[in-house]
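Beneath this line is the structure, given in structure tokens, with notes to follow.
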Amino acid sequence: MIRPTLILQMNLDESVYSEDVVAEIKRSYSYVAPAVVQSHETGNAAPENIMRFVVKIHRPYWLSSEEGADELWNEVMRKWLKNMVYKVSSTMVAYNRMRRQRFEQQLVFDWLEVEFGSVVLAMRLNADCSLEEYGASETADRVRALVNQGVLDGEIACVRIPSRASYEAQLAAVQAARAAEEAAQAAEEAETVEDSDGTTAAEETAEAVEEVAAEAVEGEDADAAEEEDASREPEPEPVNFDIDTTVWGIEYADGTVREFNSETNEFAA
Numbered sequence: 001m002i003r004p005t006l007i008l009q010m011n012l013d014e015s016v017y018s019e020d021v022v023a024e025i026k027r028s029y030s031y032v033a034p035a036v037v038q039s040h041e042t043g044n045a046a047p048e049n050i051m052r053f054v055v056k057i058h059r060p061y062w063l064s065s066e067e068g069a070d071e072l073w074n075e076v077m078r079k080w081l082k083n084m085v086y087k088v089s090s091t092m093v094a095y096n097r098m099r100r101q102r103f104e105q106q107l108v109f110d111w112l113e114v115e116f117g118s119v120v121l122a123m124r125l126n127a128d129c130s131l132e133e134y135g136a137s138e139t140a141d142r143v144r145a146l147v148n149q150g151v152l153d154g155e156i157a158c159v160r161i162p163s164r165a166s167y168e169a170q171l172a173a174v175q176a177a178r179a180a181e182e183a184a185q186a187a188e189e190a191e192t193v194e195d196s197d198g199t200t201a202a203e204e205t206a207e208a209v210e211e212v213a214a215e216a217v218e219g220e221d222a223d224a225a226e227e228e229d230a231s232r233e234p235e236p237e238p239v240n241f242d243i244d245t246t247v248w249g250i251e252y253a254d255g256t257v258r259e260f261n262s263e264t265n266e267f268a269a
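In structure tokens, the structure reads:
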């Protein structure tokens, strides 16, 4: 029976990359597929970790115009992709559970990319990396259908779901809403909680912070390296929310990006 071969390409932000992490990843994912791990500089963009499926099979399956492609896609590729996504997702969960038990930062992947020949399908993952819940195989089936119907045409390099602009707008809105909610809650507590001498909870908190800061200054270590390390703040927790995948980013080989509404099957003006 015809079966595709899978290679896992993991592109990690330089801040989480190390030889120990590479060895651990390869060991953890060895039962799923061979893994190639590399790193990239953060630059001015937000740090990202990318998991890519490189699909290898020596028969056509993407374009319906090629003989046997639809049969291979429907009978083999869809089921195979679903199984691989489930295996990788389970491995991600187990790997991060192991890191939590060692009090280490979890390795969160931001994008799942599936390489179908010259076209890459990139799907934004949530903070929990629950790939099986994302419906990767169903999404791939939809993208393939739109390509073969001619709705998505031209030299497409990547179909990104949702588009970067759409995701960034959603994330900013969620962060703003949560910040406003926290500020409102803090203001309400400060107004309603007063001690006997009229000192508000907010004032007590400010005084406590000042005392802790003063003690920290008095106890500074003379060793500059230790001082710098101690001053580092922990990485912020990833923001988890229900991602709206309506607007896709169609990225072309020449670098052009167009936004596509997947509900109306129309490009933005």
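Residue numbers (UniProt numbering): 1 to 269.
Idealized CB from N, CA, C, for every residue including glycine.
Neighbourhood of residue i by C-beta distance below 6 Å, restricted to the same chain and skipping five residues each side
{"i": "Leu12", "result": "Ser39 and Asn49"}
{"i": "Phe267", "result": "Arg258 and Phe260"}
{"i": "Ala122", "result": "Trp111, Glu113, Cys158 and Arg160"}
{"i": "Lys82", "result": "Ser137"}
{"i": "Ser166", "result": "Val247"}
7 Å CB neighbourhood of residue i in its chain, flanking five on each side removed
{"i": "Arg59", "result": "Ile2, Gly68 and Leu72"}
{"i": "Asn126", "result": "Asn240 and Ile243"}
{"i": "Glu14", "result": "Ser39, His40, Glu41 and Thr42"}
{"i": "Gln101", "result": "none"}
Beta-carbon proximity of residue i to residue j, cut-off 9 Å
{"i": "Val174", "j": "Phe260", "result": "no"}
{"i": "Glu113", "j": "Arg52", "result": "yes"}
{"i": "Thr5", "j": "Lys56", "result": "yes"}
{"i": "residue 272", "j": "Leu107", "result": "Residue 272 is absent from the model: the chain starts at 1 and stops at 269."}
{"i": "Arg144", "j": "Phe116", "result": "yes"}
Boundaries (first-last residue) of the beta strand (DSSP E) holding residue i
{"i": "Asp13", "result": "Thr5 to Asp13"}
{"i": "Ala157", "result": "Ile156 to Ile161"}
{"i": "Tyr31", "result": "Neither: Tyr31 is in no beta strand (DSSP E) and is coded neither H nor E."}
{"i": "Glu251", "result": "Val247 to Tyr252"}
Same chain only: Cβ atoms within 8 Å of residue i, ignoring 5 sequence neighbours per side
{"i": "Asp254", "result": "Glu155"}
{"i": "Tyr252", "result": "Gly154, Glu155, Ile156, Ala157 and Arg258"}
{"i": "Val147", "result": "Trp62, Leu63, Val119, Asp153 and Ile156"}
Residue i: first and last residue of the uninterrupted alpha helix (DSSP H) it sits in
{"i": "Leu121", "result": "No alpha helix (DSSP H) contains Leu121, which is instead part of the beta strand (DSSP E) from Val119 to Arg124."}
{"i": "Glu19", "result": "Glu19 to Ser28"}
Residue i versus residue j - alpha carbon distance
{"i": "Lys26", "j": "Asp70", "result": "34 Å"}
{"i": "Val193", "j": "Ala176", "result": "26 Å"}
{"i": "Glu41", "j": "Glu19", "result": "16 Å"}
{"i": "Ala230", "j": "Leu63", "result": "Reliability of the predicted coordinates at Ala230 is poor, the pLDDT of 46 falling under 50, and the value obtained from them is presented with this limitation in mind. Cα-Cα distance, rounded: 56 Å."}
{"i": "Ala46", "j": "Asp141", "result": "30 Å"}
{"i": "Glu75", "j": "Ala23", "result": "35 Å"}
{"i": "Glu228", "j": "Arg97", "result": "Residue placement at Glu228 cannot be trusted, given a pLDDT of 48 that sits under 50; what the coordinates show is reported in the next sentence. Approximately 29 Å, taken between the alpha carbons."}
{"i": "Trp80", "j": "Glu168", "result": "32 Å"}
{"i": "Gln105", "j": "Ser89", "result": "18 Å"}
{"i": "Glu66", "j": "Glu182", "result": "56 Å"}
{"i": "Arg124", "j": "Trp248", "result": "11 Å"}
Checklist line | Completely contained beta strand (DSSP E) runs for the region 39 to 117, where each covers 3 or more residues | finding: 50 to 56 and 111 to 116
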